[in-house]
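Each protein sequence line maps, in turn, to chains D and A. Per the numbering used here, the first sequence starts with residue 1, numbered consecutively. Per the numbering used here, the second sequence starts with residue 1001, numbered consecutively. Worksheet: one structure, shown below.
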Amino acid sequence: MVWQLAGSLGVVDPYFVGSPAGAAREALRLGVEGKIWVDVLATMRAMAIGLGLALVLGVPLSILLGRWRPGWTVAELPMVILNATPTVALVPPIILIVGIGPASKIVLAFIGAFIPIVFTGRAGAAGVPDAYLRAARVYGARRIDLLLKVVVPYSLLAVLTGVRLGVGRALTAVLVGELYATQRGLGLWLTQAQVGMNADLLLFVTFFVASVGVALIAGLSVVDRSFAAWRS
Amino acid sequence: MAKLIRTVILLRLTGLVAPLALWQFLSWIGILHPVFAPPPTKVLIRALLLPGEAASHFAITLGEIAVALILGSVGGVAIGVVLAQASRIDSVLGPVIWFVYAAPVVAFTTFFVVFLGVGPAVPVSLGVLSGIVFVIASTRDGVRQIGDELIKVGRVFGASRSELALRIIVPAAIPMIMAGMRVGVGRMLVGVIVGEFFASGGGLGFLIIKYGYELDMERVYAAVVWIVLVSLALNGVFGRVERIFDAWRTH
């Protein structure tokens, strides 16, 4: 409201900063055309594949590191360093190596999600109470049963927390990758709006991209909560 | 016991050195491309030389992080205190803050570039925007946790509104504020680096892009190494500060 008023009264120049009404107009136009959804899909698909790979590789690794102490002693330091690495710092080198296609985005999403999944998953697997394990053994569970029926279910909730942390990082890295160089995806819209000096479009696209991120995180929280409810 | 400690240290060193040794070996026998994945020894040498070669870029990045940190923490604490005290403002601004909390802040990059032009203002604003919500949220919750008694006692001793805020409310909420800053500072670093990618003309993020265009991957990785070191240092410092204040709170 304040923004719109400032533009209408001439306090700020709407040519540069856009106006909410103009952004709404652009939203309507794009909504009718519907072209943006292809790019939403491209961004989401890269994230989903990267996340899937991170789960496939990260969950077994995190359980191994959680239950096998020397393994974690070896892996802890490199993992801490990787965790401190801002994923976005890796965006330009990875694009230079893999190219600007979807593969680079998948790699970025994978790195963003993999590290928190391993960290939280390991903590979950290491935190399985001994009492559970002993109780299961008393009932004659074999090693494999212990793993599949006690350790894995116990660790999964922690893994989900890791997924939620990782998705934010993955989305940020994918967007930076798309801003930097891409043929498809939400980041491309931001670049186009900037190049076209269409402030209304830029305003709308910025908030649209941010909203997609918010929706994604909110959706994951719902999954997280329903899983927690189901487990207890 | 001493033997056990030695084994642990040995295992840790293995974890650090083994991947690098493998990388070195693979690039030696020619499996890894020497341009795209240069051997760690060469990257290490470049990393050691980089502060001398590009001292001004280090100064720019560290300066931008410092400014973002100051603006983000002062602004975040001020907004957090106001939100905790004025529930009407909180109900208006709360949703906005949650939006920024969950939104990928890099989406605002192009917006800032158009708005602020090319220069250090873009990385600083992205840094502030990325981190400030954590400070706001934890300050607000920290202030809300303060018991009414403290504030009432302050009033009895005739403290004015601003005195109350500065002398009682903020000090009592400091452990929570520090906790928010520890999370926020990592995000601020990310914001600053992304800002430098797209609109700065200086800084470690700018160097990564510049060397990338020149296909000078040794220096690209050297700059990444330094960003990681800055990140580790910030993590370490803020983790320590948080623990100190946490211990202080329980007294």
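Note that CB positions come from ideal geometry on N, CA and C, so glycine has one too. Bear in mind the structure is a predicted one, so any value in this text is a computation, not a measurement.
Nearest to Ala1066(A) by alpha carbon, out of Leu1229(A), Pro1123(A) and Ala1078(A)? Pro1123(A)
Where does Lys149(D) land, buried or exposed, given buried means 16+ other C-beta within 10 angstroms? exposed
What residues of chain A sit near Thr73(D), judged by a beta carbon separation below 8 Å? Val1008, Leu1011, Arg1012 and Gly1015
Cβ-Cβ separation, Ala123(D) to Ala173(D) (assumed contact under 8 Å), whole Å: So it is not a contact: roughly 23 Å between Cβ atoms.
Would you say Thr1061(A) reaches chain D, if we count a Cβ-Cβ gap shorter than 7 Å as a contact? no
With a threshold of 8 Å on Cβ separation, who are the neighbours of Gly71(D) within its own chain once the five nearest residues in sequence on each side are excluded? Leu64 and Leu65
From this set, Leu188(D), Pro60(D), Gly177(D) and Ala229(D), which residue's C-alpha is nearest Ala103(D)'s C-alpha? Gly177(D)
Can you round the beta-carbon distance between Gly1203(A) and Ile1060(A) to whole angstroms, since I take them to be within the 8 Å contact cut? 4 Å
Does the CB of Leu238(D) have a neighbour CB from chain A at under 7 Å? Outside the modelled stretch of chain D, which goes from 1 to 232, sits residue 238(D), for which no answer is possible.
In terms of alpha-carbon separation, which member of Ala1102(A), Gly1030(A), Val1156(A) and Gly1205(A) lies closest to His1057(A)? Gly1205(A)
Of the listed residues Leu201(D), Ala181(D) and Val205(D), nearest to Ile1209(A) (C-alpha basis): Ala181(D)
Assuming Ile1097(A) contacts Val1133(A) under a Cβ cut-off of 8 Å, what Cβ separation, rounded to an integer in Å, is found between them? 6 Å
Three-state class that DSSP yields for His1057(A) in the structure shown: helix
Could you work out which residue in Arg1219(A), Gly1236(A), Arg1243(A) and Ala1233(A) is closest to Leu1050(A) when comparing CA atoms only? Arg1219(A)
Find the residues of chain A that neighbour Gln194(D), judging by a C-beta separation of less than 7 Å, and give them in chain order. Thr1110, Val1113 and Val1114
Shorter than 7 Å from the beta carbon of Gly10(D) to some beta carbon of chain A? Caution is warranted here: a pLDDT of 49 is assigned to Gly10(D), below 50, making its placement in the model unreliable, and the coordinate value is therefore given only provisionally. Not an interface residue.
Anyone know if the C-beta pair for Thr120(D) and Thr87(D) falls short of 7 Å? no
With a Cβ-Cβ cutoff of 7 Å, do Leu1164(A) and Ser1231(A) count as a contact? no
Does the separation of the CB atoms of Gly1127(A) and Ala1068(A) fall below 7 Å? yes
In whole angstroms, what is the alpha-carbon distance linking Ala215(D) and Ile1146(A)? 33 Å
State yes or no: is the beta carbon of Pro1104(A) nearer than 7 Å to at least one beta carbon in chain D? yes
Using a C-beta cutoff of 7 Å, does Gly1127(A) count as contacting chain D? no
Count the other C-beta atoms from every protein chain shown that fall within 10 angstroms of the C-beta of Thr1007(A), then say buried if there are 16 or more, exposed otherwise. exposed
Name the chain A residues whose beta carbon is nearer than 7 Å to that of Ile97(D)? Phe1036
So, at 6 Å on beta carbons, what are the nonlocal neighbours of Ile1227(A) in its own chain, with the 5 sequence-adjacent residues on each side left out? Leu1204
In chain order, what residues of the same chain have a beta carbon less than 8 Å from the beta carbon of Val107(D), not counting five sequence neighbours either side? Gly50, Ile94 and Val98
Scan the segment 1202-1213 of chain A for residues whose Cβ lies nearer than 7 Å to a Cβ of chain D and list them as they occur along the chain. Ile1208, Ile1209 and Gly1212
May I ask you to list, following chain order, the residues of the segment 147-180 of chain D that have a beta carbon less than 8 Å from some beta carbon of chain A? Gly168, Leu171, Thr172, Leu175, Val176, Leu179 and Tyr180
Could you tell me the alpha carbon to alpha carbon distance between Ser226(D) and Trp1028(A), rounded to whole angstroms? 51 Å
Through-space distance from Val209(D) to Leu1083(A), alpha-carbon basis: 27 Å
Could you work out which residues of chain D lie near Ser1231(A), taking near to mean beta carbons separated by less than 8 Å? Ala84, Thr85 and Pro86
Do you know how far the Cα of Glu1242(A) is from the Cα of Gly1236(A)? 10 Å
What does the Cβ neighbour count give for Ala1055(A), buried or exposed, with the cut at 16 atoms within 10 Å? exposed
Counting only C-beta atoms, is Val1224(A) closer than 7 Å to chain D at any point? yes
Can you list, in chain order, the residues of its chain with a C-beta nearer than 6 Å to that of Ser221(D)? Leave out the 5 residues immediately preceding and following it. none
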